[in-house]
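Asker: The sequence shown: position 192 = 196 (our numbering), numbered continuously.
The C-beta atom is built at its ideal place from N, Cα and C for all residues, glycine as well.
Bear in mind the structure is a predicted one, so any value in this text is a computation, not a measurement.
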Amino acid sequence: MRTNKWLIVLCVSWSVCIKDIKMIRYLLVILGLVFLFGCASSPGVVPMEDGSNMNSRSEKSHNTTVARAKDDQAKADQKYEDTLKLLQVTGSLAIGEKLGIHLANQSIETLKKQKPEVSPRAFSVIQEETINWFEAGMDPDGDLIKDMVLLYCEYYSHEEILQLIAFYETDLGRKIISFTPEIMDKSLVLGQAWAQNNSYLLKDKILTRFKKEGIKID
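Dropping the structure here:
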């Protein structure tokens with residue numbers, strides 16, 4: 005830009021000394037061209053971008069961001085729905101009634117031992133309310149199921165969820181679903197029986213450690 009300034013000064017000086025009007029006009033044209041091309045080629049001088057272009061580019065960027073966010077949300081919603089379907093296919097949503105019955109029976113047995121004089125109607129109320137409470141908690145729109153779905157989503161990808169659904173809809177998958185509750189119940193009974201029949205062995209081991217380490221519990 006400094007070179008351009010010197011050229012301007014030089015041209016002006018020459019124009020003052022030259023009396024030929026045609027030459028002055030010629031020099032003025034040269035001066036204009038020098039100034040025009042000098043500004044265009046000067047380092048650091050960037051032509052201003054048209055405002056409409058800037059707005060258009062900003063709008064496109066915003067639209068792209070919004071579209072990507074909508075796409076991500078759509079994928080997340082679809083994964084949620086498929087995970088909920090997995091819980092339905094495996095019978096996990098029906099476990100509420102079973103849990104309610106199990107807990108109600110435990111509560112009733114405890115109450116019978118503590119207060120045998122209680123009216124039998126009390127036991128019916130306990131069972132009904134406990135089962136209803138668990139069933140409400142296992143409602144697909146309830147907080148518990150939502151938390152369970154999110155838990156599955158945390159550990160399984162969408163593709164894995166779909167593969168699990170496909171498996172549990174096969175004959176083998178349905179068989180596993182059908183027999184798992186019964187197997188679990190019988191396994192629990194076997195475990196409790198084993199513990200009761202062999203608990204004296206555990207007691208002996210604990211007492212031996214106490215004696216060895218000088219621990220007194222009397």
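1. Can you give me the C-alpha to C-alpha distance between A170 and G104, rounded to a whole angstrom?
2. Taking the CB atoms as reference points, tell me whether L90 and L176 lie closer together than 8 angstroms.
3. Helix or strand or just coil, what does DSSP make of G146?
4. Leaving aside the five residues before and after L155 along the sequence, list all residues of the same chain whose C-beta is less than 7 angstroms from its C-beta, in chain order.
5. When the Cα atoms are used, what is the spatial distance from F39 to Q77?
6. Distance check for F127 and W137, CA to CA, integer angstroms please.
7. Confirm, please, whether the CB-CB distance from G100 to E139 is below 8 angstroms.
8. Please say whether L166 and D86 have beta carbons closer to each other than 8 angstroms?
9. Please go through the same chain and pick out, in chain order, the residues whose beta-carbon is closer than 7 angstroms to the beta-carbon of L88, but skip the five residues on each side of it.
10. Which of helix, strand or coil does DSSP assign to V122?
11. Quick check on DSSP: helix, strand or coil for K74?
Answerer: Looking at the atomic coordinates:
1. 30 angstroms
2. no
3. coil
4. none
5. Reliability fails at F39, whose pLDDT of 46 lies under 50, so the model's placement of it is uncertain and the value that follows must be treated cautiously. The alpha-carbon of F39 is positioned some 56 angstroms away from that of Q77.
6. 15 angstroms
7. yes
8. yes
9. P144, V153
10. coil
11. helix
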